Amino acid sequence: MESFLNVIAPEVRETIMANHLNRIAGKAAPNRYESLMLKRDGTISPIELTGVLISWNDSPATLNIVSDITERKASEEAVRFMALHDNLTQLPNRYLLMERLEQALAQTRRSKEPLAVLFMDLNGFKQVNDTHGHDVGDMLLKGIASRLQALMRDSDTLARMGGDEFVILLPRVDDRAGVETLIARINETLQSPFLFDSLEIHSHVSVGFSLFPENGDTAEELLRVADQQMYRAKKRSKNIL
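For the sequence shown, the residue numbers in our numbering are 32 to 272.
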């Protein structure tokens, strides 16, 4: 067993040894489970272990069958990524946003730190599609996503809700002034036109936001208030792409 443990990643050796000892002692132990293998080059690979109780030299022992599941795990991760991310921009989609928003709310209820949700909509996006075609519209969305992502902290989430709507989750924010500062930075980063070959596209967004807990206690309430505030900002806006 000692030689076998040498090819197992250090962080899972204790679990594998416990399963081995339970099995040879006649106690409950999983017959098949996922683990990690340590390769000769020092890299870690996912494996599936199948362990069965056998008799070896008249003593109980474990026969372990190791299967490399690197490709399977990569395929599973790819499917999960596609399910939780927008296909065009590769940003988190509505489902992943809601998952992170619920987690952030649970954390902020314990820490009492403010939380903010920003809802953004592009002004005149339909005109871009109608005038220049959907390919240009798609490039514009990807360009906007890239510029906005550069403004995010590691703890923030920028998500595409669909169409020309984006949402930013700020799990930790100083106060209302901090949110307004970010909105100013968003407007500033979008001032420069997007260049697609010889085509120059100007982009502007309308932004609304909500704060926890003053504007709502649930994810749905915070998104609804931010969405309403965005539409109010859109009515006031005179920016045209």
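For glycine and all other residues, C-beta sits at the position ideal for the given N, C-alpha and C.
Quantities reported herein were computed from a predicted structural model and do not represent experimental measurements.
_Just to confirm the assignment, what range does the beta strand (DSSP E) spanning Thr-120 have?_
Within the sequence shown, numbered from 1, the residue matching residue 120 stands at position 89. No beta strand (DSSP E) holds Thr-120; DSSP gives it neither H nor E.
*Please classify Ile-257: is it buried, with 16 or more other beta-carbons within 10 angstroms of its beta-carbon, or exposed?*
As a first step, residue 257 is located in the sequence shown; it is residue number 226 there, counting from the start. The amino acid occupying residue 257 in the given sequence is Ala; Ile does not appear at that position. Classification of Ala-257: buried, given that the 10 Å Cβ count is 16 or more.
_Which same chain residues end up closer than 6 Å to Asp-205 when comparing Cβ atoms and leaving out the 5 residues on each side of it in sequence?_
Indexing the sequence shown from 1 puts residue 205 at position 174. Hits under 6 Å: none found.
_In whole angstroms, give me the CA-to-CA distance for Glu-102 and Asn-246._
The count along the sequence shown starts at 1 and reaches residue 102 at position 71. The count along the sequence shown starts at 1 and reaches residue 246 at position 215. When rounded, the separation of the alpha-carbon atoms in Glu-102 and Asn-246 is 46 Å.
*Is it true that the stretch 179–198 meets the stretch 133–150, where meeting means three or more beta-carbon pairs spaced less than 8 Å apart?*
Yes, the stretch 179–198 touches the stretch 133–150.
_Counted within 10 angstroms of its Cβ, other Cβ atoms place Arg-263 as buried (16 or more) or exposed_ = Position 232 of the sequence shown, counted from the first residue, corresponds to residue 263. That one is exposed.
*Could you tell me whether any Cβ in chain C is nearer than 8 Å to the Cβ of Phe-112?*
No chain C appears in this structure, which consists of one protein chain only.
*asked:* Assuming the contact rule is C-beta atoms closer than 8 Å, Ser-98 and Ile-78 should be a hit. Round their C-beta distance to whole Å, please.
replied: Your numbering for residue 98 matches position 67 in the sequence shown. Your numbering for residue 78 matches position 47 in the sequence shown. That pair is a contact at about 6 Å.
*Looking at Leu-146 and the ligand HEM, is the gap between the Cβ and the nearest heavy atom below 7 Å?*
Summarising the ligand content, the structure contains no ligands, and the ligand HEM is consequently not present.
*Just the Cα atoms here: how many angstroms apart are Asp-248 and Tyr-64?*
Within the sequence shown, the letter at position 217 stands for residue 248. Within the sequence shown, the letter at position 33 stands for residue 64. Distance between the alpha carbons of Asp-248 and Tyr-64: 40 Å.
_Between which residues of its own chain and Ala-56 is the CB-CB distance below 6 Å, once the five residues before and five after are set aside?_
Mapped onto the sequence shown, residue 56 falls at position 25. Spatial neighbours of Ala-56 in its own chain (CB-CB distance under 6 Å, excluding positions within 5 residues in sequence) are not present.
*Which of the three DSSP states, helix, strand or coil, is assigned to Gly-194?*
Here the question's residue 194 lines up with position 163 in the sequence shown. Coil.
_Cα-Cα separation, Arg-267 to Gly-239_ = Translated into positions along the sequence shown, residue 267 becomes position 236. Translated into positions along the sequence shown, residue 239 becomes position 208. When rounded, the distance between both Cα atoms is 12 Å.
*Provide the residue span of the alpha helix (DSSP H) that contains Met-68, from first to last.*
Residue numbering aside, residue 68 sits at position 37 when the sequence shown is read from its first letter. Residue range 63–69 is occupied by the beta strand (DSSP E) that includes Met-68, with no alpha helix (DSSP H) assigned at that position.
*Can you check whether the CB of Leu-132 is closer than 8 Å to the CB of Ala-59?*
By one-based count along the sequence shown, residue 59 stands at place 28. By one-based count along the sequence shown, residue 132 stands at place 101. Not closer than 8 Å, so no.
*Report the partner residues of Ser-234 according to the DSSP bridge assignment.*
As a working mapping, residue 234 is identified with position 203 in the sequence shown. Paired residues: none, contrary to the question.
*Using three-state DSSP, classify Met-183 as helix, strand or coil.*
By 1-based counting over the sequence shown, the position of residue 183 is 152. Coil at Met-183, not helix or strand.
*Can you say whether Phe-312 is buried or exposed, counting buried as having 16 or more other CB atoms within 10 angstroms of its CB?*
A question about residue 312 goes unanswered here, because the residues of the chain that appear run from 32 up to 272.
*Contact check, Gln-121 vs Pro-202, beta carbons under 8 Å*: Position 90 of the sequence shown, counted from the first residue, corresponds to residue 121. Position 171 of the sequence shown, counted from the first residue, corresponds to residue 202. Between Gln-121 and Pro-202, the C-beta spacing is not below 8 Å.
*asked:* According to DSSP, is Ala-147 part of a helix, a strand, or is it coil?
replied: Numbered from 1 along the sequence shown, position 116 holds the residue referred to as residue 147. In this structure, Ala-147 counts as strand in the three-state DSSP scheme.
*Alpha carbon to alpha carbon, what distance is there between Ser-186 and Leu-221?*
Residue mapping note: residue 221 aligns to position 190 of the sequence shown, counting from 1. Residue mapping note: residue 186 aligns to position 155 of the sequence shown, counting from 1. Separation of Leu-221 and Ser-186 (C-alpha to C-alpha, rounded to the nearest whole angstrom) is 22 Å.
*Compare the Cα-Cα distances from Met-48 to each of His-235, Ile-75 and Ala-92 and report the closest residue.*
Residue 48 sits at position 17 when you count from the first residue of the sequence shown. If we check each option's Cα against that of Met-48, Ala-92 comes out closest.
*Would DSSP call Pro-41 helix, strand or coil?*
In the sequence shown, counting from the first residue as 1, residue 41 sits at position 10. In the three-state scheme derived from DSSP, where H, G and I count as helix and E and B as strand, Pro-41 is classed as helix.
*Per DSSP, Ala-109 forms a beta bridge with which residues?*
Here residue 109 refers to the residue found at position 78 when the sequence shown is read from its first residue. According to DSSP, which records beta bridges pairwise, Ala-109 is partnered with nothing at all.
*Which one of Leu-189, Gly-82 and Glu-211 has the shortest CA to CA distance from Leu-94?*
Locating residue 94 in the sequence shown gives position 63, where the first residue counts as 1. Out of Leu-189, Gly-82 and Glu-211, Gly-82 has the C-alpha closest to the C-alpha of Leu-94.
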